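Residues 13 to 461 in our numbering are what the sequence shown spells out, letter by letter. Ideal placement from N, C-alpha and C gives every residue a C-beta, glycine not left out. Here the structure is a predicted model, which is why all the values come from computation and not from measurement. Working notes, structure below.
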Amino acid sequence: MRLRTVVLVALMLVSFLGAETLAGGDETITIRAFVVGPGPMGVKKATNLELAAEYLNRFLEACGAGVKVKVEVEYTELKWEQASEKFYLDFRAGKAPDIVTLRETADLAKGGYILPMTKHVQEFWNFNYYDFYPTLWEGAQWNGEIWGVPHDISPVGIWYRKDVLRALGYTDAEINELLPEDGNTTLEVVARLAKEAVDAGLVEYGILHRPSSGPGLYATLLAFGAECYDPEKGVLVLNKSAILQFLRWHQDMVAQGVIPPTPPSWATIHGTFVEGKTFSTWASHVGTPSEWMAQYGLSEKTLEEDLGFLPFPPTEKEKAKGRGPVSVHDFPLYFVTSQSKYPELAQLLIMFATSPEACAIHSAFSLRPPYRASALAHPLIKDNLYIQRTAPSAAVVRPVPIHPQFWDYQKRIFEALKGVEAGVVTPEKAVEDLVAWFKAEVPDGVIIE
13 MRLRTVVLVA LMLVSFLGAE TLAGGDETIT IRAFVVGPGP MGVKKATNLE
63 LAAEYLNRFL EACGAGVKVK VEVEYTELKW EQASEKFYLD FRAGKAPDIV
113 TLRETADLAK GGYILPMTKH VQEFWNFNYY DFYPTLWEGA QWNGEIWGVP
163 HDISPVGIWY RKDVLRALGY TDAEINELLP EDGNTTLEVV ARLAKEAVDA
213 GLVEYGILHR PSSGPGLYAT LLAFGAECYD PEKGVLVLNK SAILQFLRWH
263 QDMVAQGVIP PTPPSWATIH GTFVEGKTFS TWASHVGTPS EWMAQYGLSE
313 KTLEEDLGFL PFPPTEKEKA KGRGPVSVHD FPLYFVTSQS KYPELAQLLI
363 MFATSPEACA IHSAFSLRPP YRASALAHPL IKDNLYIQRT APSAAVVRPV
413 PIHPQFWDYQ KRIFEALKGV EAGVVTPEKA VEDLVAWFKA EVPDGVIIE
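What follows is the structure in structure tokens.
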């Protein structure tokens, strides 16, 4: 398999570099990349491209090419929206990088900003892409093409404090039964335990969710049966009754003192949970402990002994219908931009930057599950108890829908949620306003009563 891949790479290089270039010369081709964290813990997604250049240059040398590759990576900790704005500005100025990591696949593909990678992935499937988790490819496809290569997976879920439950009198066996790691429980159980913790004065906050729209919001909507997308028809869906229940539930949690009327800042969300002042955070994913350790002083001992994690469980009503626990990931991808002068080289760099070793490097640093199965056995993470314990969460991950208006839709739902929690609008009026927006802005969408 390795020999065949060397031959494939050699033939590809000959085809786009040309025999004359391969015959001699000493040219360095620079491939530029713009890699988004966001935040500091995604930095290995950038350095893995630099590592990939080392491997690719070995192939170039073995092929007798008169060139070598140099990678210039700009890494940013900007949030997705700000990073996207920068990319679009650079693209309009004709200065787009060869490789970019963003998440709005449909917009990028529809606008002609990126190139399809279907042929590349198929050509090198048996060598590099065969053991990526299948849902990752589901999140990389739009309009019949694969547009990028996954390089990360961070399933969202519910974090909670076991030590708070112990202080309430629950044994570890009871905790594991109430909140099993596979998420086979209900949202009502989590809420009941959060209220017990608040009423006992053990925590300042019972539950904190994100202060902005994101994958965690979508996962919570799914827990209430609020499917927002029909993948077969490729259209957005607004389920009025499910969203109404979602909003009413949050209104009730505020009334009971479990959820604050206004979500606090990210620093407060992270800091109070690490300090044990929040019972449960719904704003994080399996890789967040790396950030908690780096910025908030979380110890490995506390992580292993006092913190629990599970996918979002369904409500009692939805569980009775057969709905199971769910996690969500928005699957940012490595894309090759349409302004790249060397798209084949950029694709090969991406292939080496997503090898089992590169995957393990990213996983070990970020504490996120590996995005390919073979990396679990890599020496860097095979003995990492936390990664091995949370890796199964990838099995229930669903991709964020690839639809040009999905994130706008989610932002509208989140604004409705904030209004309801703050008491400035009723759940019924919020749904009414949401339906009006949906009819005006998503004319091909489906509304379910």
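key: Residue range of the alpha helix (DSSP H) that includes Ser302   = Thr300 to Tyr308 is the extent of the alpha helix (DSSP H) around Ser302.
ask   = Secondary structure at Ala45, three-state DSSP: helix, strand or coil?
value = The answer is strand: DSSP assigns Ala45 an E or B state.
message = Alpha carbons only, please: which of Pro326, Glu93, Tyr354 and Leu214 is nearest the one belonging to Val79?
response = Of the listed residues, the one whose Cα sits closest to Val79 is Tyr354.
query = Does DSSP put Val454 in a helix, a strand or coil?
reply = Residue state, collapsed to three classes: coil.
Best match in Ala77, Glu312, Ala442 and Val249 for proximity to Asp38 [C-alpha to C-alpha] = Ranked by Cα distance from Asp38, the options Ala77, Glu312, Ala442 and Val249 are led by Ala77.
task = Report yes or no: do the stretch 336-344 and the stretch 237-257 share at least 3 C-beta pairs separated by less than 8 Å?
result = The stretch 336-344 is not in contact with the stretch 237-257.
inquiry  = Contact defined as beta carbons within less than 8 Å: I believe Gly169 pairs with Phe324. What is the distance between those atoms, to the nearest angstrom?
reply    = Their Cβ separation, rounded to whole angstroms, is 6 Å, which keeps Gly169 and Phe324 in contact under 8 Å.
ask   = Smallest Cα separation from Glu84: which of Ala45, Glu433, Asn140 and Glu208?
value = Considering only alpha carbons, the answer is Ala45.
ask   = Terminal residues of the continuous beta strand (DSSP E) containing Glu84?
value = Segment Val79 to Thr88, the beta strand (DSSP E) holding Glu84.
task = Spatial neighbours of Leu177 within its chain, please: CB distance less than 7 Å, with the 5 preceding and 5 following residues excluded, ordered by chain position.
result = Cβ within range, chain order: Ile187 and Leu205.
ask   = Taking the alpha-carbon positions, what's the Glu427 to Pro439 distance?
value = Near 12 Å, if we compare the C-alpha coordinates of Pro439 and Glu427.
key: Exposure of Ser296, with buried meaning 16 or more beta-carbon neighbours within 10 Å   = Result: buried.
ask   = Per DSSP, Gly169 forms a beta bridge with which residues?
value = DSSP, once it has assigned bridges, lists Ser296 as partnering Gly169.
inquiry  = Is the beta carbon of Leu220 closer than 8 Å to that of Trp294?
reply    = In this structure, Leu220 lies closer than 8 Å to Trp294 by Cβ.
key: CB contact flag (Ile393, Ala385, <8 Å)   = Taking 8 Å as the Cβ cut-off, Ile393 and Ala385 do not qualify as a contacting pair.
Within-8 Å CB hit, Met265 to chain B = No chain B appears in the structure shown, which is made up of a single protein chain.
inquiry  = Per DSSP, what are the beta-bridge partners of Gln153 in this structure?
reply    = BP columns for Gln153 point to Ile158.
For Ser264, three-class secondary structure by DSSP = According to the sequence shown, residue 264 is Asp rather than Ser. Correct three-state label for Asp264: helix.
The stretch 105-119 in contact with the stretch 141-150 per 3-pair CB rule at 8 Å = Contact fails: fewer than three Cβ-Cβ distances are below 8 Å.
ask   = His374 lies in the alpha helix (DSSP H); which residues open and close that run?
value = His374 -> alpha helix (DSSP H) spans Pro368 to Ser378.
request  = Compute the Euclidean distance between the alpha carbons of Thr59 and Ala376, then round it to the nearest angstrom.
outcome  = About 14 Å.
Helix, strand or coil at Val436 [DSSP, three-state] = In the three-state reduction of the DSSP assignment, Val436 falls in the coil class, being assigned neither a helical nor a strand state.
key: Among Pro273, Val298, Leu250 and Leu248, the one whose alpha carbon lies nearest that of Ala434   = Comparing C-alpha distances from Ala434 to each of Pro273, Val298, Leu250 and Leu248 shows the shortest one belongs to Pro273.
message = Give me, in chain order, the residues of the same chain whose beta-carbon lies closer than 8 Å to that of Val201; leave out the 5 immediate sequence neighbours on both sides.
response = Within the same chain, Leu190, Leu191 and Pro325 come within 8 Å of Val201 by CB-CB distance, once the 5 residues on both sides are set aside.
query = Does the distance from the C-beta atom of Pro276 to that of Pro227 stay below 8 Å?
reply = Result no, Cβ atoms of Pro276 and Pro227 do not sit closer than 8 Å.
task = Could you spell out the range, first to last residue, of the alpha helix (DSSP H) harbouring Ser96?
result = That run of the alpha helix (DSSP H) goes Trp92 to Arg104.
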